[in-house]
Amino acid sequence: MKQKRDKIEIDAMAKRMRLKALDMAFRSGKKGAHLGPAFSCMEIMATLYGNIMNIDPENPKDVNRDRFVSSKAHSVLTQYTALNEIGFISEEELDTFQENGTKFGGHPIIDLEHGMEYTGGSLGMALSVGVGMALDAKLKGRKNKVYILVGDGELDEGSNWEAIMSAAQFKLNNLVIIVDKNGLQYDGPTSEIMNIDNLQNKFDAFNCKTSVVDGHNTAELLDVFNRFTKDCPHVIIARTIKGKGVSFMENIREWHHSSLSQRQYEQAVEEVRGE
Amino acid sequence: MIEITPRTIRTWSMLGQRGTAFAIALPEIAAEQKEVMVLTADLSLLSGLEKFKQTYPEQFLDVGIAEQNMIGIAAGLAKEGNCVFATTYATFISMRSYEQIRNNLGVMGFNVKVIGSAAGVSMGTSGNCHHSIEDLALMRVIPNIQVISPADALETVKVMQAISKTNIPAYVRLTGNLNCPMVYKEDYDFQIGKGIVLNQGRDIAIIAIGTLVAEAVKVAESLKGQGINPTVVNMHTIKPLDEKLIKELTREHSIIYTLEEHSVIGGLGGAVAECLSGLGTSTKLIRMGFPDKYSVLGDYEYILKQNKLDAGSVKEAILEGVK
């Protein structure tokens, strides 16, 4: 069993993940990478992988492991770097990111040995699968939890709401849905493209228990992940900033997917290191 | 253990493919395999799943009218080691949840058996939204999924048993209505991917799928009186296609007819055409199915006749072809 990291260690972990992600994105050259949406969920994944989740690279197929799927699979740099931190993916493997023949592409491919539970890339898919995984745990009396991270833009997809409705119907208190609410989708602010305001009310109306936290505050994240619901799914709306940690990326939609110049890379590294 | 006797075969025939699949085959499969789950999208009653629901309540899930979610949930359950059967009307399950099927079953290979009921035009006057004439083409193009359409109720039992014993995702297309014509009156050997020659004739071959296999048998019987003895093949599995058998047919047959309750594009006819294109054969292929348009409404038999898919029309077409 891995050691649980405390808040200070999780913050340091998130910083290292950002630096590694910048390296990987920069090495990808003109292929570019999803830096903005990766940086909005760094603290969320650092908290889950660093402390909350019961997973072990020595026993990656343990039936009792917690399951995590990022339905906003384009934030894969966050997941790869988090899995690197806890020993599922080596540095050498990370260095193959987006190279020809790699296992580590721009969206994750299912590979339990490397800690990846699902082949992502099509939005609105994973929440239903999470419902199935959580149902199985319930039916077989296992105590593990299923964590599904979704984007706020992604919630435009109606399939998510089918899944949310059923998660409440089936009383899945072992399912935790985290919304990375960074307020931006590819084409612009969610408020302008497709308004999903009153998100908490929406989830509450779907019979979920909803919490709202600062998605970059690891103390709040640690606290909220340790809260449990009795007979319904727990939805955590994490207010985040797309591109968090790099001034020229924050809240700029172009950084949903883009490539870094040498100068931008150096500035970004400096800003992340200096925080 | 399901007992296959002339009597049970007759009873299943009355229940049709759908009733047999859900009221007979699935409860038996669940009795033998613990990790079997059955999911429906608000069609429990109609599908005859009530017996299953009562007998195995923990292995049954109704997800409401939400096909995309059903396939996603099925995938999550399959990911955890269950053999999952997910079912609703063929037209909805093959199209509304297409990308869920493609990603979860095709790309990731999760062990979900997608059972499309009321495929083809058995829904008759319910309308074109309920007619499923594109599902074989849609499912066949997705890698890693077996695509099967049983010929009759007994074969439905055998298909359900066979797919439950594999870890391979599958799409099963159930055609016809209650009182499904019997192709088989006694037990026989069924293997996924291995077509069955029902009548060994010569020169002309009819390769059929689904309930139209029974029509093909009728055609062959009635042509015998006119000195024509067509070979009849039950090509229950469209993927993996029995290419070896098709190759053998080209040796002794100058014309192959494909007969299906599906568009002539992309289904059995399309699959056989693809196979023949690689063989360099002079055997001619004539595809019989729905033309590239939606059918006039009517009862099942009426629609088949209007589209020249009934035994009488097929016989006439063959006689015309050999003139």
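For the protein sequence lines, the chains are A and B, in the order given. Note that the numbering used here gives residue 86 to position 86 of the first sequence, counting from 1, and the numbers run on in steps of one. Note that the numbering used here gives residue 1196 to position 196 of the second sequence, counting from 1, and the numbers run on in steps of one. All residues carry an ideal CB built from backbone N, CA and C; glycine is no exception.
1. Please identify the residue among B/Ala1041, B/Leu1043 and B/Ser1047 whose C-alpha is closest to the C-alpha of alanine 1025 of chain B.
2. Please determine, among B/Thr1091, B/Glu1050, B/Gly1081 and B/Glu1099, the residue with the shortest C-alpha to C-alpha distance to glutamine 1068 of chain B.
3. If distances are taken between C-alpha atoms only, which option among B/Ala1021, B/Ile1071, B/Gln1033 and B/Ile1073 comes closest to glutamate 1050 of chain B?
4. Within 8 Å of any Cβ in chain A, is that where the Cβ of alanine 1074 of chain B sits?
5. Can you give the Cα-Cα distance for isoleucine 1093 of chain B and aspartate 214 of chain A, rounded to whole angstroms?
6. With C-beta atoms as the reference, is glycine 1266 of chain B less than 8 Å away from glutamate 1260 of chain B?
7. Pick out whichever of A/Asn174, A/Phe170 and A/Ile196 has its Cα sitting closest to the Cα of lysine 181 of chain A.
8. Would you please verify whether the beta carbon of aspartate 136 of chain A is less than 8 Å from any beta carbon of chain B?
9. Using 8 Å as the cut-off, can you tell me whether the segment 220-239 of chain A makes contact with the segment 204-212 of chain A, which would need three or more C-beta pairs spanning the two stretches below that distance?
10. DSSP has phenylalanine 170 of chain A in a bridge; who is on the other side?
11. Between glutamate 113 of chain A and chain B, is the shortest Cβ-Cβ distance under 8 Å, so that the two count as touching?
12. Please confirm whether valine 1038 of chain B has its beta-carbon closer than 8 Å to some beta-carbon of chain A.
13. Under the rule that 16 or more other beta-carbon atoms within 10 Å means buried, what is phenylalanine 228 of chain A, buried or exposed?
14. Within 10 Å of its beta-carbon, does tyrosine 186 of chain A have 16 or more other beta-carbons around it, so buried, or fewer, so exposed?
15. Going by alpha carbons, who is nearest to leucine 1249 of chain B out of B/Val1197, B/Cys1180, B/Ser1222 and B/Pro1006?
16. Counting only beta-carbon separations shorter than 8 Å, does isoleucine 1293 of chain B have a partner in chain A?
17. Nearest-angstrom Cα distance between isoleucine 1065 of chain B and lysine 7 of chain A?
18. Should the segment 82-97 of chain A be called in touch with the segment 119-130 of chain A, which here means at least 3 C-beta pairs below 8 Å?
19. How would you write the range of the alpha helix (DSSP H) that lysine 31 of chain A sits in, first residue to last?
20. Using a C-beta to C-beta distance shorter than 8 Å, which residues of chain B count as neighbours of valine 131 of chain A?
21. Glutamine 1068 of chain B by DSSP, collapsed to three states: which one?
22. What residues in its chain sit with their C-beta under 6 Å from that of alanine 1347 of chain B, if we drop five residues either side in the sequence?
23. Under a three-way DSSP split, which group does leucine 1309 of chain B fall into?
24. How many angstroms separate the CA atom of methionine 13 of chain A from the CA atom of arginine 5 of chain A?
25. Cutting at 6 Å between CB atoms, please list the residues of its own chain near leucine 1105 of chain B, excluding the five before and the five after it.
26. Listed in chain order, which residues of the segment 1133-1165 of chain B have Cβ atoms closer than 7 Å to some Cβ of chain A?
27. Mapping DSSP to helix, strand and coil, what is lysine 143 of chain A?
28. Is there at least one Cβ from chain B nearer than 8 Å to isoleucine 110 of chain A's Cβ?
29. Which residue marks the beginning of the alpha helix (DSSP H) containing arginine 1202 of chain B, and which one marks its end?
30. Looking at the strands, I want to know which residues DSSP matches up with glutamine 1191 of chain B.
31. Quick one, which residues of the segment 1038-1054 of chain B are near chain A if we go by CB-CB under 8 Å, in chain order?
32. Which two residues bound the contiguous alpha helix (DSSP H) that contains arginine 1018 of chain B?
33. Roughly how many angstroms separate the alpha carbons of leucine 199 of chain A and asparagine 1103 of chain B, rounded to a whole number?
34. Identify which residue in B/Glu1252, B/Phe1290, B/Val1121 and B/Leu1039 has its Cα closest to the Cα of glutamine 1200 of chain B.
35. In this structure, how does DSSP classify histidine 1236 of chain B when only helix, strand and coil are distinguished?
36. Assuming contact is defined by CB atoms lying nearer than 8 Å, are glycine 243 of chain A and phenylalanine 39 of chain A in contact in what I supplied?
Judging by the given coordinates:
1. Within the second sequence, residue 1025 of chain B is the residue found at index 25, counting from 1. That would be B/Ser1047, whose Cα lies nearest to the Cα of alanine 1025 of chain B.
2. Along the second sequence, read from residue 1 onward, the residue named residue 1068 of chain B stands at position 68. Considering only alpha carbons, the answer is B/Glu1099.
3. Stepping through the second sequence from its first residue, residue 1050 of chain B is reached at position 50. Residue B/Ala1021 is the option with its Cα nearest to glutamate 1050 of chain B.
4. Residue numbering aside, residue 1074 of chain B sits at position 74 when the second sequence is read from its first letter. Yes, its Cβ sits closer than 8 Å to a Cβ of chain A.
5. Mapped onto the second sequence, residue 1093 of chain B falls at position 93. Mapped onto the first sequence, residue 214 of chain A falls at position 214. Rounded to whole angstroms, isoleucine 1093 of chain B to aspartate 214 of chain A spans 40 Å at the Cα level.
6. Sequence index remark: in the second sequence, residue 1266 of chain B carries index 266 (1-based). Sequence index remark: in the second sequence, residue 1260 of chain B carries index 260 (1-based). Against a cut-off of 8 Å, the Cβ pair of glutamate 1260 of chain B and glycine 1266 of chain B comes out as no contact.
7. Residue mapping note: residue 181 of chain A aligns to position 181 of the first sequence, counting from 1. If we check each option's Cα against that of lysine 181 of chain A, A/Ile196 comes out closest.
8. Taking the first sequence and counting its residues from 1, the one referred to as residue 136 of chain A is at position 136. Yes - at least one Cβ of chain B is within 8 Å of the one on aspartate 136 of chain A.
9. yes
10. Counting from 1 along the first sequence, the entry for residue 170 of chain A is found at position 170. Bridge partners of phenylalanine 170 of chain A: none, in fact.
11. As a position in the first sequence, residue 113 of chain A is number 113, starting the count at 1. No, glutamate 113 of chain A lies away from the interface with chain B (no Cβ there is under 8 Å from its Cβ).
12. Numbered from 1 along the second sequence, position 38 holds the residue referred to as residue 1038 of chain B. No - not a single Cβ of chain A is within 8 Å of the one on valine 1038 of chain B.
13. Residue mapping note: residue 228 of chain A aligns to position 228 of the first sequence, counting from 1. The residue in question, phenylalanine 228 of chain A, is exposed, as its Cβ has fewer than 16 Cβ neighbours within 10 Å.
14. Counting from one through the first sequence, the residue named residue 186 of chain A turns up at place 186. Exposed, since its Cβ has fewer than 16 Cβ neighbours within 10 Å.
15. Taking the second sequence and counting its residues from 1, one reaches residue 1249 of chain B at position 249. The shortest C-alpha separation from leucine 1249 of chain B is found at B/Val1197.
16. In the second sequence, the residue the question calls residue 1293 of chain B occupies position 293. It is lysine, not isoleucine, that sits at residue 1293 of chain B in the sequence shown. No - not a single Cβ of chain A is within 8 Å of the one on lysine 1293 of chain B.
17. Against the second sequence, residue 1065 of chain B aligns to sequence position 65. Against the first sequence, residue 7 of chain A aligns to sequence position 7. Looking at the two C-alpha atoms, the distance is approximately 44 Å.
18. no
19. As a working mapping, residue 31 of chain A is identified with position 31 in the first sequence. Note, lysine 31 of chain A: premise wrong, no alpha helix (DSSP H); not H, not E.
20. Counting from one through the first sequence, the residue named residue 131 of chain A turns up at place 131. Those are Asn1069, Gly1072, Ile1073 and Gly1076, listed as they occur along chain B.
21. In the second sequence, residue 1068 of chain B corresponds to position 68, counting from 1. Helix at glutamine 1068 of chain B.
22. The requested residue 1347 of chain B is not part of the displayed model; chain B covers only 1001 to 1323.
23. Counting from one through the second sequence, the residue named residue 1309 of chain B turns up at place 309. Residue state, collapsed to three classes: coil.
24. On the first sequence, residue 13 of chain A is found 13 positions in, with the first residue counted as 1. On the first sequence, residue 5 of chain A is found 5 positions in, with the first residue counted as 1. Cα to Cα, the separation comes out at about 9 Å.
25. The count along the second sequence starts at 1 and reaches residue 1105 of chain B at position 105. If we look at leucine 1105 of chain B and ignore the five residues flanking it on each side, its Cβ neighbours are Val1112, Ile1145 and Pro1169.
26. none
27. Taking the first sequence and counting its residues from 1, the one referred to as residue 143 of chain A is at position 143. Looking at lysine 143 of chain A - three-state DSSP - the assignment turns out to be coil, as it is neither helix nor strand.
28. Walking along the first sequence from the start, residue 110 of chain A turns up at place 110. For isoleucine 110 of chain A, the answer is yes, since a Cβ of chain B falls inside 8 Å of its Cβ.
29. Within the second sequence, residue 1202 of chain B is the residue found at index 202, counting from 1. No alpha helix (DSSP H) holds arginine 1202 of chain B; DSSP gives it neither H nor E.
30. By one-based count along the second sequence, residue 1191 of chain B stands at place 191. None; glutamine 1191 of chain B has no bridge partner.
31. none
32. On the second sequence, residue 1018 of chain B is found 18 positions in, with the first residue counted as 1. 1006-1019 is the extent of the alpha helix (DSSP H) around arginine 1018 of chain B.
33. By one-based count along the first sequence, residue 199 of chain A stands at place 199. By one-based count along the second sequence, residue 1103 of chain B stands at place 103. Distance between the alpha carbons of leucine 199 of chain A and asparagine 1103 of chain B: 28 Å.
34. By one-based count along the second sequence, residue 1200 of chain B stands at place 200. The candidate whose alpha carbon is nearest that of glutamine 1200 of chain B is B/Glu1252.
35. Locating residue 1236 of chain B in the second sequence gives position 236, where the first residue counts as 1. DSSP places histidine 1236 of chain B in coil when its eight states are reduced to three.
36. Residue mapping note: residue 243 of chain A aligns to position 243 of the first sequence, counting from 1. Residue mapping note: residue 39 of chain A aligns to position 39 of the first sequence, counting from 1. The answer is yes: Cβ separation under 8 Å.
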